[in-house]
Every structure is written in structure tokens, then in C-alpha cells.
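Please read the structure below before turning to the comments.
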Amino acid sequence: MITVLVLMTLGIGLGFFVGKFPKVIKGVDKMTTWSIYLLLFLLGIGVGLNEKIINNLHTIGLQALILTIGAILGSLVFAYITYKLFFKSK
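In this note's numbering, the protein residues as written are 4 to 93.
What follows is the structure, encoded as C-alpha cells:
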């Protein structure tokens, strides 16, 4: 955990100093996007290698679908309430 916090702090500090250079920002944005793609690919490999997950995919998939629908509906409801309370002009 210390490693994560140190790296995050160093990244924030570095970002503060190089944030004034648009080319650096564009390069960091592209590297971040491709790093996320690589992490998702490696996660997919890890899931594919796990026989327990593969054998229970039908059960896990249904639970994931239910959780996803619930999260989306909850987000929509609370976004609507927030809009009505704070942003709608009277």
C-alpha cells in the first residue's frame, strides 16, 4: 500500500510541474488509455485461466447483470433527484 501511495504522490507532483505542456498532457493521456487496455487484456487472460470462474460463468454473469442494472437504475434515480434539487431553475 505504501508503494501505491508513494507512486501516486510522485505522479501528482510530476503532473503539477509538467501540466503546463500540452504535448506532455496529450502523451500521458495516450499512455494512460493504452495502459488501461493492457490491464483489461491481462485481466481477461487471468479470468480465462481460472477454471472456477469459467465453470460458473452462467451464475456469475446473471449476478453481474442484476448488479449492473441496479447500479444504472440507482444512478439515474439519484441523478434525477440531484438535478431537481440543485440544478433546475425555478
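Glycine residues also receive a C-beta, built at the ideal position from the N, C-alpha and C atoms.
At the C-beta level, Ile63 and Ile69 stay beyond 8 Å of one another. Judged by DSSP secondary structure, Gly22 falls outside any alpha helix (DSSP H); it is assigned neither H nor E.
The three-state secondary structure of Lys87, taken from DSSP, is helix. Shown here, Met4 sits in coil according to DSSP, grouped into three states, outside any helix or strand.
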